[in-house]
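K.L.:
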Amino acid sequence: MGGLIRLLRSYLRPYMGEVVVVVILLLIQSIANLYLPNLTADIINNGVAKGDIGYIWRIGPVMLALTVVVGILAIIGVYYASRVSMGLGRDVRRAVFERVQQFSAREMNRFGTPSLITRNTNDVQQVQIFVQLALTLMVIAPIMGIGGVILALRTNARLSAILIVAVPLMVGVIVTLTIFAVPLFQSLQVKIDRINQVMREQITGVRVIRAFNRTEHEQDRFQTANADLTGTALRVNRMFALALPALLAIMNMSSVAVVWFGGHLIDSGQMPVGNLIAFLAYIMQIFFSIMLATFMVIFVPRAAASATRLEEVINTQPSIVEPASPIEPANVTGAVEFRRVTFGYPGGEKPVLNELSFQLHRGATTAIIGGTGSGKTTLLNLVPRFYDATGGAVLVNEVDVRAQKLDTLWQSIGLVPQQAYLFRGTIADNLRFGKENATESELWHALEVAQARDFVAAMADQLEAQIDQGGTNLSGGQRQRLAIARAVVRRPPLYLFDDCFSALDAGTDARLRAALKVEARAATVVIVAQRVSTILHADRIIVLDAGRIVGIGTHQELMSTSEPYREIVASQLGEEAVA
Amino acid sequence: MAQRGAPARPGGRGFGGPGMFGMGPPPAKTKDVGKTLRQLVARLRPERMAIVVSAVLALGSVAFSVIGPKIIGNAINVIFDGVLGKGLPAGLTKAQAVAQLRAHGQGQIADLIAGANVVPGHGIDFTVLGQILVLAALVYLLSAALQWLLAYIMAGVAQRTVFHLRGDVEAKMARLPLKYFDSHPHGDLLSRVTNDIDNISTTLQQGMTQILTSTLTIVGVLAVMVWISPLLAVVALITVPLSILVTVLVARRSQKQFAAQWARTGTLNGHVEQMHTGHALVQVFGRRQKAIDEFNQQNQALYEASFRAQFLSGIIQPAIAFLGNVNYVVIAALGGYLVTSGAITLGDVQAFIQYSRQFTMPITQLAGQLNLLQSGLASAERVFEFLDAEEEVRDRVVSSLPAEPQGQVALEHVAFRYEPEKPLITDFSLEAKPGSTIAIVGPTGAGKTTIVNLLMRFYEIDGGRISVDGVDTRDVSRDDVRRVFGMVLQDAWLFTGTIRDNIAYGKLGSTTDEIVAAAQAAHADHFIRTLPEGYDTVLNDDASNISAGQKQLLTIARAFLADRTVLILDEATSSVDTRTEVLIQQAMARLRQGRTSFVIAHRLSTIRNADTIVVVDQGRIVEQGSHTELLARHGFYDTLYQSQFTDPLAEAS
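Protein chains in written order, with my numbering: chain A, 4 to 582; chain B, 5 to 657.
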């Protein structure tokens with residue numbers, strides 16, 4: 004709830020003028036709507052009861068004019084309400100997106116892409132709906148309710164005593180409903196999610212389920228979830244089945260009571276007949292405002308939950324911040340140095356990287372090898388400052404990465420991540436991602452280096468061939484080669500390859516490395532790999548094990564000095580290669 | 005996957021459903037409404053008694069609620085008569101009083117009294133009023149009770165129907181051939197079995213009752229209105245076509261804007277998804293500002309479309325309220341006039357005002373329900389299509405496999421094709437002796453994984469024969485065949501649940517010791533113990549809390565625990581580093597003495613120690629032998645193997 008109020012307070016500010024207009028318009032509308040039964044009463048008391056037809060024809064047009072005014076005001080109100088709610092949605096979306104653009108890898112991992120997308124769409128939508136409702140119905144409900152009560156009291160205070168019984172009864176029904184139904188609704192949603200999850204698992208895991216003869220087990224699991232869901236859905240719906248007729252009955256019983264007691268008041272001359280009819284109209288209005296309020300109660304918790312989730316993103320400070328007074332590197336050679344670098348995740352028992360020191364120079368290819376979880380990717384992530392080292396310093400171009408402007412730092416890096424992600428668009432669009440003004444011949448050259456020229460040339464549209472989001476219309480190997488070409492187009496002084504040769508067959512892998520060797524002869528190249536064959540001919544190999552360097556040198560050197568390296572080689576090339 | 009399903013409905017279930025604020029996606033078109041309706045009706049057949057009872061209840065409840073205002077109107081007439089009667093001198097007859105008034109030139113009041121049931125000098129007749137009001141109270145209470153019963157019964161009808169539908173869909177999944185799952189996008193399947201069923205549930209729950217009662221109410225109110233005063237009824241009805249016209253006109257425009265809003269939401273989401281997924285790339289390649297600029301542009305476009313959609317659809321409500329008010333005013337004024345002229349009574353005017361209010365509500369409701377029904381039918385059609393899909397060929401059980409199979413597997417002249425025109429595997433023969441390890445290597449698309457599909461009988465062979473211990477696998481049940489094989493796939497499938505449960509999936513009722521032993525053999529024990537909850541760590545939806553390699557270790561542990569006679573490993577260790585892989589292989593060798601294994605791997609180091617390496621290309625075996633034999637042959641395998649050691653510089657120069 005607090006989150007919703009805070010979010011609205013800051014994002015409604017630019018629209019305060021519109022909000023005030025909407026509220027005033029709604030106020031006028033409500034008062035006018037409340038005034039209508041009053042005029043009806045007048046028609047009956049002064050016109051019908053006295054047989055004054057002229058009076059009826061005089062008041063009639065007044066009433067009509069009033070409704071026209073109300074209608075116009077309502078439409079103006081909707082106009083501004085839509086401007087405010089949709090504008091607020093746009094502003095929040097923008098704030099979320101811009102904030103995420105500043106996030107470092109740590110924040111991205113914390114939230115996860117799917118969650119960030121849901122927040123930026125569904126959660127914003129919930130808040131939008133809430134604001135739209137607030138600015139159309141929510142203001143009206145209390146005005147109509149309270150106004151109805153005031154007018155009822157004014158019309159006849161004694162008759163209003165009926166309200167003392169009826170309104171608490173209605174509120175009682177609604178409160179009971181809210182207390183029981185809201186938690187049930189929440190558990191209903193959980194159960195729907197649960198059953199959909201079971202379904203999803205049955206589809207994605209169909210092979211495993213059949214292979215392990217677990218079809219019956221899955222059916223039991225499903226039946227349990229299904230029966231559970233059905234039971235809860237029945238309870239919720241039966242609860243609502245009772246609530247609405249109960250509210251209607253209370254309202255109708257109130258009308259009956261009004262007519263009975265009103266009859267007595269009229270008979271004793273304490274109230275004119277027309278007021279009875281006006282009173283019935285007020286009761287209706289009070290009833291509807293209470294119904295409206297009930298309806299709204301449902302939206303508040305939803306919007307509140309969404310607002311909290313949005314606030315979480317907007318208020319998250321990126322863990323990587325730009326330096327206050329950045330240092331511009333003098334020599335952009337792509338040189339990388341690790342000085343006693345330690346890195347650990349918060350709460351992690353042991354550091355992922357432990358006191359690493361090494362230097363990488365222009366023109367040399369350095370390979371990093373090690374088992375799953377030895378810290379290879381983490382090491383690579385420290386270079387572009389996706390994470391900051393928790394101890395020691397990482398230097399790129401002879402300047403601490405934390406002292407450089409992020410864009411300056413990134414400018415000298417050509418990154419090929421483990422997941423060869425491609426964007427929707429043409430092949431050319433993707434290749435130009437790193438260098439917007441690259442010429443076609445530059446693109447073809449990069450494709451050639453990445454061993455992608457042949458398959459791109461074989462496509463009907465060549466460079467203009469469309470790539471689906473994520474590159475799903477290409478094979479894994481093709482994606483990896485395009486991702487490599489994308490980095491090559493940039494001609495960066497520093498290449499970072501994160502295990503991005505894994506989907507290539509051994510021959511392509513070898514040719515690609517050969518071409519790269521020529522292409523990147525003036526650059527610093529870092530290759531993370533699992534395959535020994537990929538790194539066999541690197542100028543230097545760094546062997547990582549459990550976050551520590553357990554060997555640095557060429558293949559030949561390491562074969563004689565590093566036992567872990569020998570084990571890796573033996574595991575891949577066989578004992579004979581080691582001997 | 006998050007983006008594959010239909011967008012979430014902001015309206016939510018139970019509260020007006022989709023499209024309440026016009027935010028839902030445009031309802032999909034149903035291809036064959038008649039057929040879908042027939043199928044839906046057939047599904048409701050078991051509930052026909054309840055539905056008949058509900059219809060009777062609906063009729064009763066609507067009739068009572070329609071008659072209510074009329075009775076209250078009568079009560080008001082009694083009051084009004086009393087007021088008029090009191091104003092006249094006692095002792096006169098009504099006719100005398102009227103004549104007197106006429107004589108005094110008060111013709112209008114005379115008309116009024118002439119049309120009313122007045123006894124001069126007498127006030128309100130409370131005995132009659134009391135009787136009428138008791139009747140009104142009874143009618144209202146009865147109506148509410150019937151309405152409750154109706155909703156109660158219909159909730160059962162809807163929920164039971166959906167319960168069975170869900171169950172049938174789930175049972176259907178077990179009977180579908182693997183081919184169906186492989187040839188349909190998972191996103192679409194998922195959306196059929198989840199979103200579409202939810203949608204049908206909402207339609208049944210809200211739609212059926214409301215459509216029934218709304219229609220009955222409209223008919224009932226109309227009838228009573230005509231009965232009370234045909235003239236006023238005509239006046240009241242004028243606004244109805246006007247309301248419908250306004251709604252249709254505005255809705256047609258706003259629908260277009262909603263479509264635009266959905267299209268732009270899609271574009272914007274696509275952009276957000278791409279920029280977030282490629283976050284690191286966007287940063288390093290210096291595209292942050294560009295990403296923001298594009299976002300702002302699309303965001304603004306979405307804003308404009310959604311503003312227009314919201315505003316246009318927002319007009320409907322005040323426009324109808326306006327027409328309702330006009331109606332009210334006209335009836336109040338004209339009714340007042342008619343009462344003074346004695347044409348109808350005051351109570352009838354009061355009743356009429358209520359009726360005209362009651363009239364517009366079910367009409368707008370009905371319009372909303374029809375929209376809901378339309379989208380529900382589209383969903384129903386998609387679900388029925390799924391239920392009508394062709395099922396797996398029934399097992400022909402004429403034989404059985406031994407309880408303790410030896411693990412001798414033979415493929416004899418096997419032929420298979422996924423598509424009729426494209427033969428994939430032709431004349432494939434291979435024999436695995438009990439206890440041997442067979443490795444299958446070859447380029448992508450050679451048919452390696454297809455062989456797994458055939459061994460497991462996920463697909464049926466088109467020619468030849470596959471046998472286990474000499475028994476043709478087509479002569480026994482699929483379950484029997486699969487009991488022989490343990491399988492680990494590259495795509496490590498884990499379900500939401502604890503690590504313990506995921507490993508135990510391989511063997512029902514396994515003990516903790518067995519689970520831990522399997523995890524140790526798969527070299528998963530160590531990393532499991534570093535997790536915060538150890539074996540009780542819950543894997544989330546897509547098991548993103550552990551790495552791909554770790555997932556593979558868990559599936560290997562699962563297969564170890566299952567301890568089947570023949571083990572199939574299809575790229576099972578592709579994400580596991582080679583050193584760990586060697587350790588797993590050693591553990592496997594110890595655990596699986598005398599067991600048969602099939603190993604498919606891209607990485608040659610994985611299969612080097614196999615007894616027989618089968619090199620497959622284009623669905624045929626091109627080479628076969630041990631690692632050393634194949635190297636000596638200097639063929640396909642040798643080329644593949646040597647390319648690992650090529651010096652890139654040597655080759656480039």
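Glycine included, every Cβ here is placed at the ideal spot set by N, Cα and C. A quick note: this is a predicted structure, and the numbers were derived from the prediction, not measured.
Smallest Cα separation from Q369(B): which of I465(B), T251(B), T502(B)?
P.N.:
Among I465(B), T251(B), T502(B), the Cα nearest to that of Q369(B) is on T251(B).
K.L.:
For H417(B), which residues of its own chain have a beta-carbon under 8 Å away from its beta-carbon, when the five flanking residues on both sides are left out?
P.N.:
Excluding sequence neighbours, H417(B) sits near D431, F432, S433, G467, G468, R469.
K.L.:
Does the structure place the stretch 212 to 226 of chain A close enough to the stretch 171 to 181 of chain B that three or more beta carbon pairs sit under 8 Å?
P.N.:
Enough Cβ pairs lie closer than 8 Å, so yes.
K.L.:
Quick check on the burial criterion: 16 or more other C-beta atoms within 10 angstroms. Buried or exposed for V23(A)?
P.N.:
Counting Cβ neighbours within 10 Å, V23(A) comes out exposed, since fewer than 16 surround it.
K.L.:
For A80(A) and V134(A), which I take to be in contact (beta-carbon distance under 8 Å), what is that distance rounded to the nearest angstrom?
P.N.:
At residue 80(A) the sequence reads Gly, which differs from the Ala that was named. With a Cβ gap of about 13 Å, G80(A) and V134(A) do not count as contacting.
K.L.:
Alpha carbon to alpha carbon, how far is G554(A) from V288(B)?
P.N.:
The alpha-carbon atoms of G554(A) and V288(B) are separated by roughly 30 Å.
K.L.:
Quick one: does W152(B) have its CB under 8 Å from some CB of chain D?
P.N.:
In summary, chain D is missing from the structure at hand, where the protein chains are A and B.
K.L.:
Let me check one thing: in DSSP terms, what residues is V413(B) bridge-paired to?
P.N.:
Answer is A436(B), V472(B).
K.L.:
By how many angstroms is the C-alpha of Y156(B) removed from the C-alpha of H126(B)?
P.N.:
Answer to the nearest angstrom: the Cα atoms are 48 Å apart.
K.L.:
May I ask you to report which of helix, strand or coil DSSP gives R569(A)?
P.N.:
Helix.
K.L.:
Compute the beta-carbon to beta-carbon distance between I617(B) and I611(B), rounded to the nearest angstrom, for a pair I have assumed lies under 8 Å.
P.N.:
That pair is a contact at about 6 Å.
K.L.:
State buried or exposed for S403(B), treating a residue as buried only when at least 16 other CB atoms are found within 10 Å of its CB.
P.N.:
When all chains shown are included, S403(B) counts as exposed.
K.L.:
So is L15(A) in contact with chain B if we call contact Cβ pairs under 8 Å?
P.N.:
Chain B contact via Cβ: absent.
K.L.:
Run down chain B in chain order and give the residues with a C-beta less than 7 Å from the C-beta of S85(A).
P.N.:
Chain B residues near S85(A): F311, Q314, F315, G318.
K.L.:
Which residues of chain A have a Cβ atom closer than 7 Å to the Cβ of S333(B), listed in chain order?
P.N.:
A small correction: the amino acid at residue 333(B) is Val; Ser does not occupy that position in the sequence shown. Those within 7 Å of V333(B) in chain A are G63, M66, L67, T70.
K.L.:
Can you grab the Cα-Cα spacing for the pair R17(B) / L376(B), in whole Å?
P.N.:
Residue confidence for R17(B) is low, a pLDDT of 32 falling below 50, so the modelled location carries little weight; the figure read from the coordinates is stated next. Spanning the two alpha carbons is a distance of roughly 12 Å.
K.L.:
Using C-beta distances below 7 Å, list every residue in its chain close to L350(B), excluding the 5 sequence neighbours before and after it, in chain order.
P.N.:
Here the set comprises I80, N81, F84, V343.
K.L.:
Are the CB atoms of L156(A) and F264(A) within a distance shorter than 8 Å?
P.N.:
Taking 8 Å as the Cβ cut-off, F264(A) and L156(A) do not qualify as a contacting pair.
K.L.:
Determine which residues of the stretch 234 to 249 of chain A have a Cβ less than 8 Å from any Cβ of chain B, and write them out in chain order.
P.N.:
Under the 8 Å Cβ criterion, the stretch 234 to 249 of chain A contributes A236, L237, V239, N240, R241, F243, A244, L245, L247, P248, A249.
K.L.:
Could you give the residue range of the alpha helix (DSSP H) that holds A552(B)?
P.N.:
From DSSP, the alpha helix (DSSP H) with A552(B) extends over 552 to 566.
K.L.:
Check whether the stretch 516 to 535 of chain B and the stretch 556 to 576 of chain B touch, using three or more Cβ-Cβ pairs below 8 Å as the test.
P.N.:
Yes, the stretch 516 to 535 of chain B is in contact with the stretch 556 to 576 of chain B.
K.L.:
If you measure beta-carbon to beta-carbon, which residues of the stretch 229 to 242 of chain B are closer than 7 Å to chain A?
P.N.:
So nothing in the stretch comes that close.
K.L.:
For chain A, is any of its Cβ atoms less than 8 Å away from the one on P29(B)?
P.N.:
Because P29(B) carries a pLDDT of 49, less than 50, the predicted location of this residue cannot be relied on, and the following value inherits that uncertainty. With 8 Å as the cut-off, P29(B) does not count as an interface residue toward chain A.
K.L.:
Please confirm if the stretch 395 to 409 of chain A is in contact with the stretch 331 to 340 of chain A, defined as three or more CB-CB distances below 8 Å between the two stretches.
P.N.:
Output reads yes: the stretch 331 to 340 of chain A touches the stretch 395 to 409 of chain A.
K.L.:
When you compare each of D581(B), L338(B), R599(B), G109(B) to L235(B) by their alpha carbons, which one comes out closest?
P.N.:
L235(B) has its Cα closest to that of L338(B), out of D581(B), L338(B), R599(B), G109(B).
K.L.:
Using the Cα positions of L29(A) and T139(A), report the straight-line distance between them to the nearest angstrom.
P.N.:
For L29(A) and T139(A), the distance between alpha carbons rounds to 8 Å.
K.L.:
Roughly how many angstroms lie between the CA atoms of T564(A) and F504(A), to the nearest whole one?
P.N.:
When rounded, the distance between both Cα atoms is 27 Å.
K.L.:
Given A98(A), which residues of its chain have a CB within under 7 Å of its CB, disregarding the five upstream and five downstream residues?
P.N.:
Contacts found: I317.
K.L.:
Can you give the Cα-Cα distance for Q454(A) and R514(A), rounded to whole angstroms?
P.N.:
Cα-Cα distance, rounded: 7 Å.
K.L.:
Measuring straight from C-alpha to C-alpha, what distance separates T297(A) and V170(A)?
P.N.:
Straight-line Cα distance between these residues: approximately 13 Å.
K.L.:
Would you mind stating whether R3(A) and N123(A) have Cβ atoms separated by less than 8 Å?
P.N.:
This structure cannot settle anything about residue 3(A), because the visible part of chain A is limited to 4 through 582.
K.L.:
Going by other Cβ atoms of all chains shown within 10 Å of its Cβ, with 16 needed for buried, is M19(A) buried or exposed?
P.N.:
Flag for M19(A) reads exposed.
K.L.:
Using CA atoms only, rank isn't needed, just tell me which of Q273(A), L251(A), Q205(A), S190(A) is closest to T589(A).
P.N.:
A query on residue 589(A) cannot be resolved here, the shown segment of chain A reaching from 4 to 582 and no further.
K.L.:
Measuring only between beta-carbons, confirm whether R487(B) sits less than 8 Å from chain A.
P.N.:
Judged by the 8 Å Cβ criterion, R487(B) is in contact with chain A.
K.L.:
Flag K294(B) as yes when its Cβ comes closer than 7 Å to any non-hydrogen atom of the ligand NAP, and as no otherwise.
P.N.:
Of ligands this structure carries none, so the ligand NAP is not represented either.
K.L.:
Buried or exposed: which applies to V45(B), given that a residue is buried once 16 or more other Cβ atoms fall within 10 Å of its Cβ?
P.N.:
When all chains shown are included, V45(B) counts as exposed.
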